[in-house]
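Student: In my numbering, the protein residues as written are 4 to 583.
Using N, Cα and C, we set each Cβ at its ideal position, and we do this for glycine too.
Just so we're clear, the structure is a prediction, and the values are computed from it rather than from any experiment.
First the structure, then my questions, so here it is.
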Amino acid sequence: MSSEAAASNPAAAAPAVLPVPADVPGSAISLLGVDYVHMKTRDGGDLYLTRLGLPFWQNLLPENWYAQEWFETKRKRLEGTSTVYKVPTRRVNGVTLSLVVKWSRVGEGVPLDTLTFNKFIHAEFNSPFEEFSLLMELRKGEAGPPGIRIRTQKPMAIYMPSERLQLWQTGRSEDKIRAKVVRHPGVEIDILRQYVVLYGWVKGLDAVESSEYLKLHDQERAEFLARVTCLATHELWQKGYRVIDMKPAHVILRSAHDQSLLRDRNGQLVYALVDYELLERTPEHEQSVRSANRQIYLKHMARRFEADTAKPLPAHLHASNVMGVDYIFGRAESTGGLLWVVGKDPDLFNYFLPERWRRTPKKKLSSHNQVFRTSTKDNINLVWRVSRMGEPPWLAHPESNQDAVREHGFNSPFEEFAYALELSRRGVKTIYPRAIYMTGSKREPDQQAADERRFVELAPLLTPEGEPALQKGCNYITIWGYWNGPDELLAAQDDGHYTAMNAKYACANNLISQKVMEELMRSKANKLAQCGLEDLNLKPDHLLISFDPGQKLVLDATGKPEVRLCNFELVRRKPGSQVN
């Protein structure tokens, strides 16, 4: 991996190393490669202090800048389409800070002009943690020519008030939001929670104000603004980044002693870049980082069950074992959700944070259920499925054991993973369970669980923080590896990808015969029975067959198609069988 790629690798960054001073009531945490000190605020909110904000933690407490009587009288609204203010903090220990306070627009539509929208049709606002991660990368300056330095505001902190917005406060149609939740119950509406990013104020005037300061008009003014914007765009690109909606107002200039604009030793304008909600890597740099992240991921995933006792877990992560499966457990700070990542490797945790996969382009894999394939922001192929735990256990498949299905109900995510890993250990091939995500948002009252048996039966399952692992008001998403080859093979050589296909589709396309498909079904049922298990709804589309890079059918040791089980919603232990 190149040093450039390593420098821009937030997903696999080392655990938090930011020391917490004794007088700071918080704990160290690392998110997307940025170290924070997290603390609960007096009003019940959350404050995440960066290295740059930590020395001023008392100034950054919301009561010292966000108290109603202070904020409303001291704030100054700044130009732009977003909600952004300049506000001083109260004086604390003889220090006053000038802050830029900006409400994140994550989850909102991007109001770009037609030309830009057509060019960047999939543009979306960064989440606060993604914004800080990209900005910290940029500030390090390790990518691109070393002679170019992009000056920016100092990212100080992220503040998340305790209260959630009401639907009417979002500026969106309540009906549309409710419809979106119904269609995609696993996708949270981020805008219901407020995120406030705090930056240090940069002295100077933006390019538009500078043109007025220089008394430029008409063509001369237009040329000046174009030069300044092109300079910032070009240098940013050279460093491997771009801002989709770059404007002259995003470029801050300073005046020299002689009232001219400040220039460096080479005669070039000295400027600082502000506004990072649409900051992103260039396609070339993005590909380099994604490739590096993928390689690190594959190597770590291949040994995810090996514990490195010499490396202690960071304070915000916990080793956990649920139903015999090892997990690394932690909070998804951007959504308030919970995350269990299979294995013992804390370096894998960041890859499964919801902001890495939740809003990436996806393909629906089932006409009946919420099952999607996506490629994450780290170039990892995943399948995520909204758990049907709690739904009425009715099925249309005529060959399923309807009475047994109603009696058993849908498995919890933890049962699904436990069965998948048990089968794998006993020689029955399955897809790979990766992580379980519990959403932070709550279901609507009319979407509450109809079958509460799992929540009652598994009530003793607790998180390492003492909360119930299964909470009735939340959605659960199981995250699986998209089957394209064994982990060990891909870790050694990431170019020999398999192609997966379910047996029903393969039969319909004459890649296997009806007789072979039926034999595969019987064989899989027999192997499950040998392990003391059964699938109450075993169907051909629950079985994956594989084709190698030469498009040859992958065969097992008996010369028959190798099959992997890919659905565990209704797998159960056969009555009377014992756990091995």
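Please list the terminal residues of the continuous beta strand (DSSP E) segment that includes C477.
Tutor: As a working mapping, residue 477 is identified with position 474 in the sequence shown. 477-484 is the extent of the beta strand (DSSP E) around C477.
Student: CA-CA distance, L100 and A472?
Tutor: Reading the sequence shown from its first residue, position 97 is the one you call residue 100. Reading the sequence shown from its first residue, position 469 is the one you call residue 472. Distance between the alpha carbons of L100 and A472: 42 Å.
Student: I'd like the span of the beta strand (DSSP E) that includes F332, first residue to last.
Tutor: Translated into the one-based positions of the sequence shown, residue 332 becomes position 329. Its beta strand (DSSP E) spans residues 328-335.
Student: Going by other Cβ atoms of all chains shown within 10 Å of its Cβ, with 16 needed for buried, is V459 buried or exposed?
Tutor: The residue you call residue 459 lines up with position 456 of the sequence shown. It is exposed - the Cβ of V459 has fewer than 16 other Cβ atoms within 10 Å.
Student: Rank D38, M304, Y244 by C-alpha distance to the C-alpha of I383 and give the top, closest one.
Tutor: For the purposes of this step, residue 383 is identified with residue 380 of the sequence shown, where counting begins at 1. Ranking the options by Cα distance to I383, first place goes to M304.
Student: Cβ of R576 within 9 Å of Cβ of L536?
Tutor: Position 573 of the sequence shown, counted from the start, is the residue given in the question as residue 576. Position 533 of the sequence shown, counted from the start, is the residue given in the question as residue 536. Cβ distance < 9 Å, so R576 and L536 count as in contact.
Student: Any idea if Q169 is buried or exposed, counting beta-carbon neighbours within 10 angstroms, 16 or more meaning buried?
Tutor: Residue mapping note: residue 169 aligns to position 166 of the sequence shown, counting from 1. Unreliable placement is indicated for Q169, whose pLDDT of 49 sits below 50; the coordinate value is still reported in the next sentence. Q169 is exposed by the Cβ-count criterion.
Student: Which value, in whole angstroms, describes the spacing of the CA atoms of G616 and I299?
Tutor: Lying before the first or after the last residue shown, residue 616 is absent from the chain, which here runs from 4 to 583.
Student: Between the segment 543-553 and the segment 345-355, are three or more C-beta pairs nearer than 8 Å?
Tutor: With a cut-off of 8 Å, the segment 345-355 and the segment 543-553 do not count as touching, because too few Cβ pairs lie within range.
Student: Between which two residues does the alpha helix (DSSP H) containing L239 stretch?
Tutor: As a working note, residue 239 is residue 236 in the sequence shown. Element bounds for L239: 221-241.
Student: Please classify D178: does DSSP put it in a helix, a strand, or coil?
Tutor: Here residue 178 refers to the residue found at position 175 when the sequence shown is read from its first residue. Note that D178 scores a pLDDT of 47, beneath 50, so its modelled location is shaky; the value from the coordinates is reported in the next line. Residue state, collapsed to three classes: helix.
Student: Keeping to the same chain, check which residues put their C-beta closer than 6 Å to that of A19; ignore five residues upstream and five downstream.
Tutor: Working through the sequence shown from its first residue, we reach residue 19 at position 16. Because A19 sits at a pLDDT of 48, beneath the cut-off of 50, its placement in the model cannot be relied upon, and the point is left open.
Student: Among the candidates T92, L239, V574, whose CA atom is the shortest distance from the CA of V408?
Tutor: Counting from one through the sequence shown, the residue named residue 408 turns up at place 405. It is V574 whose Cα lies nearest to the Cα of V408.
Student: Sort F59, K105, Q71 by Cα distance to R94 and report the nearest one.
Tutor: Working through the sequence shown from its first residue, we reach residue 94 at position 91. Per the Cα distances, F59.
Student: Residues in the same chain with beta-carbon distance under 7 Å from L523, minus the five sequence neighbours each way, listed in chain order, please.
Tutor: Position 520 of the sequence shown holds residue 523. If we look at L523 and ignore the five residues flanking it on each side, its Cβ neighbours are A506, L546, P564, V566.
Student: If I measure Cβ to Cβ from F571 and keep anything under 6 Å in the same chain, skipping five residues before and after, which residues do I get?
Tutor: Indexing the sequence shown from 1 puts residue 571 at position 568. Excluding residues within five positions, the ones whose Cβ falls inside 6 Å are E419, Y422, A423.
Student: With distances taken from CA atoms, which of L461, L342, P543, C534 is nearest Q517?
Tutor: The residue you call residue 517 lines up with position 514 of the sequence shown. Of the candidates L461, L342, P543, C534, the one whose C-alpha sits nearest the C-alpha of Q517 is P543.
Student: Between which residues of its own chain and M4 is the CB-CB distance below 6 Å, once the five residues before and five after are set aside?
Tutor: Counted from its first residue, the sequence shown places residue 4 at position 1. At M4, the pLDDT of 40 sits below 50, so the modelled position is not reliable; the number obtained from the coordinates is stated separately. Cβ neighbours of M4 beyond the five flanking positions: A295.
Student: Can you tell me the Cα-Cα spacing of I247 and L281, whole angstroms?
Tutor: Position 244 of the sequence shown holds residue 247. Position 278 of the sequence shown holds residue 281. Computed Cα separation, rounded: 6 Å.
Student: Taking 8 Å as the threshold, find out whether the segment 277-293 comes into contact with the segment 211-223 through three or more Cβ pairs.
Tutor: With the cut-off at 8 Å, the segment 277-293 and the segment 211-223 do not touch.
Student: For L465, count neighbouring Cβ atoms within 10 angstroms of its own Cβ and tell me buried if that reaches 16, exposed if not.
Tutor: For the purposes of this step, residue 465 is identified with residue 462 of the sequence shown, where counting begins at 1. It is exposed - the Cβ of L465 has fewer than 16 other Cβ atoms within 10 Å.
Student: If L201 and V104 are in contact, beta carbons under 8 Å, what's the gap, nearest whole angstrom?
Tutor: Counted from its first residue, the sequence shown places residue 201 at position 198. Counted from its first residue, the sequence shown places residue 104 at position 101. Right, their Cβ atoms sit about 6 Å apart.
Student: Expressed to the nearest angstrom, what Euclidean distance is found between the alpha-carbon atoms of L276 and S291?
Tutor: What you label residue 276 is simply residue 273 of the sequence shown in a count that begins at 1. What you label residue 291 is simply residue 288 of the sequence shown in a count that begins at 1. Distance between the alpha carbons of L276 and S291: 24 Å.
Student: Mind checking V345: buried by the 16 CB within 10 Å criterion, or exposed?
Tutor: Stepping through the sequence shown from its first residue, residue 345 is reached at position 342. It is buried - the Cβ of V345 has at least 16 other Cβ atoms within 10 Å.
Student: What do you get for R268, buried or exposed, if any count of 16 or more other CB atoms within 10 angstroms of its CB means buried?
Tutor: Here residue 268 refers to the residue found at position 265 when the sequence shown is read from its first residue. It is exposed - the Cβ of R268 has fewer than 16 other Cβ atoms within 10 Å.
Student: Flag this pair as yes or no: are the beta carbons of D329 and A322 separated by less than 9 Å?
Tutor: Taking the first residue of the sequence shown as 1, we reach residue 329 at position 326. Taking the first residue of the sequence shown as 1, we reach residue 322 at position 319. It is a contact, given that the beta carbons lie within the stated cut-off.
Student: Among the residues of its own chain, which have a CB less than 7 Å from the CB of L461, if the five just before and after it don't count?
Tutor: One-based indexing of the sequence shown puts residue 461 at position 458. Contacts found: S415, L473.
Student: Anyone know if the C-beta pair for V374 and I482 falls short of 9 Å?
Tutor: The residue labelled residue 374 in the question sits at position 371 within the sequence shown. The residue labelled residue 482 in the question sits at position 479 within the sequence shown. Result no, Cβ atoms of V374 and I482 do not sit closer than 9 Å.
Student: For I359, I'd like the list of residues in its chain whose CB is within less than 7 Å of its CB, leaving aside the five on either flank, ordered along the chain.
Tutor: Start at 1 with the first residue of the sequence shown, and residue 359 comes out as number 356. Just to set this straight, residue 359 is Arg in the shown sequence, not Ile. Around R359: A14, T379, K380, D381.
Student: Our contact map puts R297 next to V273 with C-beta atoms below 8 Å; I'd like the distance itself, whole angstroms only.
Tutor: The residue labelled residue 297 in the question sits at position 294 within the sequence shown. The residue labelled residue 273 in the question sits at position 270 within the sequence shown. Their Cβ separation, rounded to whole angstroms, is 38 Å, which puts R297 and V273 out of contact at 8 Å.
Student: Is DSSP giving E572 helix, strand or coil here?
Tutor: Indexing the sequence shown from 1 puts residue 572 at position 569. Reduced to three states, the DSSP call for E572 is coil.
Student: Rounded to whole angstroms, what is the Cα-Cα separation between I147 and R108?
Tutor: Counting from one through the sequence shown, the residue named residue 147 turns up at place 144. Counting from one through the sequence shown, the residue named residue 108 turns up at place 105. A small fix is needed here, since residue 147 is Gly in this sequence, not Ile. C-alpha separation (whole angstroms): 29 Å.
Student: DSSP has L546 in a bridge; who is on the other side?
Tutor: In the sequence shown, counting from the first residue as 1, residue 546 sits at position 543. L568, per the DSSP bridge assignment.
Student: Report the rounded CA-to-CA distance for F417 versus V557, giving the unit in angstroms.
Tutor: Numbered from its first residue, the sequence shown carries residue 417 at position 414. Numbered from its first residue, the sequence shown carries residue 557 at position 554. Whole-angstrom Cα-Cα distance: 30 Å.
Student: Taking DSSP's pairing of strands, which residues face N384 in a bridge?
Tutor: Mapped onto the sequence shown, residue 384 falls at position 381. Paired residues: S378.
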